[in-house]
Each structure stands twice: as C-alpha cells, then as structure tokens.
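Student: Numbering (my numbering), first residue to last: 1121 to 1342.
No residue lacks a Cβ here, since even glycine has one placed at the ideal position from N, Cα and C.
What you are looking at is a predicted structure, and each value in this text was computed from that prediction instead of being measured.
My questions all concern the structure below.
Right, here's the structure in full:
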C-alpha cells in the first residue's frame, strides 16, 4: 500500500505524462514544489516498488502497475469532487482541498457506491475526465478559446486550470461549463477577446483567461 506522499507523486507523474508526454525530474519537482534532491529520493523509492521507470538521461515514466495505481487515485479524487458538487451542493471552487483528503481513503466499496449514486459520471465538475474502474482515461480533444476566431460559437467544456482563484473569477463572470460562447472580436495588441454568452452581451476576457477555457464547436442555431 502506498503512503500519502507516494500517492501524491504518482498522481503528479500521471498528470505530467498526459500533459507533457515526457517527464523530467525537474518537471516533477516543479509540479510538487519540492527540491530536485527530494524528488529524486522519492522517485528512487517508487522505482524500488516497481511503480516508476528511472534511467540515467531518460525521461521518467510510470510502470503499468504505477499507472494503474495513479489512475485509481485520480478516479477517487474526481469522483469525490463531483459528489461534493452534485450531492452536497459545494461550489466547484470549494471541492479540491476536500477531495485531496478523501482520495487517500482505501475503500473500493466506498467509491463504487459514490460512482453509482452519481450515475457513473465521465468528467468531474471542472470538465476533467474520470478514469474508469480499469484505469482507462478518455481525454477529450478540446481547444483553448484563444484558438477561436470572431463569429465562432463554441461550448465551454473544460478548464486548463482549476485553481480556486480562477474558479472564483469564473463565478464572478458567470462562466460555467456547458454554456455557449460567441466570439465577437479579438484585439491584435494583447490578444484579449470580446465575447457574449447568456446574460453577458459583451464581456472582455484577457488572453490569460481565454487560454485556460477549453471549448469545442457549438451546434449551429437553426
């Protein structure tokens, strides 16, 4: 059984693999905000348990067993976030810290029941995919809002950043998953965008915000 710290490292490696493909020790240390020697020491420990491949001058990689364990931790975290939002009326900006604690509970039946009560969701409240019971993760191909052009209508489906500060900002703008956004114009100078969506006929979004909003084309209005 992995310790809490080991589980956090495995989860970070899993997320980095999806985001970057190849993982350096520096990537891992930055992700977890620890020193390189600290990260290296933990990776060596994970390697001894056959959870991580580590070879000199080569990227880090999860083993099959390491990936399965990491996926199960992420599944528990994202199911918990969805449960807190859907069943307990937490705001999507409130759930991360609670889920960080609950994800380390070792009770398959507990999370199986949670999954059943929720109707087997495939994404969490922030649009991130939930691994299935076999550790399979279906990553949807969404694009950042910055890649859209004026006149385009898109549906907000996910977030590239789900920090509590960013989620609170989205709350203040009433920007939630599932809404349709129309791009009105884009500034050449700073790449800020003017958009409209329900109850917001003209809203300016900075490039920093727009690049964190993941969208897909919305159906044409008949």
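Taking the straight line between their C-alpha atoms, what separation do you get for residue 1311 and residue 1266?
Tutor: For the purposes of this step, residue 1311 is taken as residue 191 along the chain shown, with counting starting at 1. For the purposes of this step, residue 1266 is taken as residue 146 along the chain shown, with counting starting at 1. So the two alpha carbons sit approximately 8 Å from each other.
Student: Kindly indicate the opening and closing residues of the beta strand (DSSP E) around residue 1273.
Tutor: Taking the first residue of the chain shown as 1, we reach residue 1273 at position 153. Where residue 1273 is concerned, the enclosing beta strand (DSSP E) stretches over 1273–1279.
Student: Could you check the C-alpha separation between residue 1253 and residue 1202 for me, to the nearest Å?
Tutor: The count along the chain shown starts at 1 and reaches residue 1253 at position 133. The count along the chain shown starts at 1 and reaches residue 1202 at position 82. Cα-Cα distance, rounded: 16 Å.
Student: Among 1214, 1157, 1131 and 1212, whose alpha-carbon lies nearest the alpha-carbon of residue 1424?
Tutor: The structure shown has nothing for residue 1424, since the chain only spans 1121 to 1342.
Student: Would you kindly report the start and end of the unbroken alpha helix (DSSP H) that includes residue 1228?
Tutor: Walking along the chain shown from the start, residue 1228 turns up at place 108. Run containing residue 1228: 1228–1238, per the alpha helix (DSSP H) assignment.
Student: Near residue 1206, which residues of its chain fall below 7 Å by C-beta distance, leaving aside the five closest residues on each side in sequence?
Tutor: By one-based count along the chain shown, residue 1206 stands at place 86. Here the set comprises 1238.
Student: Hey, is the region 1170–1185 in contact with the region 1228–1246, meaning 3+ C-beta pairs nearer than 8 Å?
Tutor: The region 1170–1185 vs the region 1228–1246: no contact.
Student: In this structure, how does DSSP classify residue 1289 when only helix, strand and coil are distinguished?
Tutor: Stepping through the chain shown from its first residue, residue 1289 is reached at position 169. Three-state DSSP puts residue 1289 in a helix.
Student: Per DSSP, which residues does residue 1302 bridge with? Please list them.
Tutor: As a working mapping, residue 1302 is identified with position 182 in the chain shown. DSSP lists 1273 and 1316 as partners of residue 1302.
Student: DSSP on residue 1204, reduced to helix/strand/coil?
Tutor: The count along the chain shown starts at 1 and reaches residue 1204 at position 84. Note: residue 1204 maps to helix in three-state DSSP.
Student: What is the DSSP secondary structure of residue 1327, counted as helix, strand or coil?
Tutor: For the purposes of this step, residue 1327 is taken as the residue at position 207 of the chain shown. Here residue 1327 sits in helix by DSSP.
Student: Could you give the DSSP three-state label for residue 1249: helix, strand or coil?
Tutor: For the purposes of this step, residue 1249 is taken as the residue at position 129 of the chain shown. Residue 1249: strand per DSSP, three-state reduction.
Student: Give the secondary structure of residue 1185 by DSSP, where H, G and I count as helix, E and B as strand, and everything else as coil.
Tutor: Stepping through the chain shown from its first residue, residue 1185 is reached at position 65. Note: residue 1185 maps to helix in three-state DSSP.
Student: Take the Cβ of residue 1159 as the centre, count every other Cβ of all protein chains shown within 10 Å, and call the residue buried at 16 or more, exposed below.
Tutor: The residue you call residue 1159 lines up with position 39 of the chain shown. Result: buried.
Student: Buried or exposed: where does residue 1192 fall if 16 or more other Cβ atoms within 10 Å of its Cβ makes it buried?
Tutor: To locate residue 1192, count along the chain shown from 1; it is residue 72. Buried, by the Cβ-count rule.
Student: For the alpha helix (DSSP H) containing residue 1163, name the first residue and the last one.
Tutor: Reading the chain shown from its first residue, position 43 is the one you call residue 1163. Segment 1156–1168, the alpha helix (DSSP H) holding residue 1163.
Student: I'd like to know whether the C-beta atoms of residue 1247 and residue 1271 end up nearer to each other than 8 Å.
Tutor: Position 127 of the chain shown, counting from 1, holds the residue named residue 1247. Position 151 of the chain shown, counting from 1, holds the residue named residue 1271. Not in contact: residue 1247 and residue 1271 (Cβ atoms no closer than 8 Å).
Student: Between which two residues does the alpha helix (DSSP H) containing residue 1336 stretch?
Tutor: The residue you call residue 1336 lines up with position 216 of the chain shown. No alpha helix (DSSP H) holds residue 1336; the beta strand (DSSP E) holding it covers 1333–1337.
Student: With 16 as the cutoff for other CB atoms within 10 Å, does residue 1221 come out buried or exposed?
Tutor: Here residue 1221 corresponds to residue number 101 of the chain shown, with the count starting at 1. Label assigned to residue 1221: exposed.
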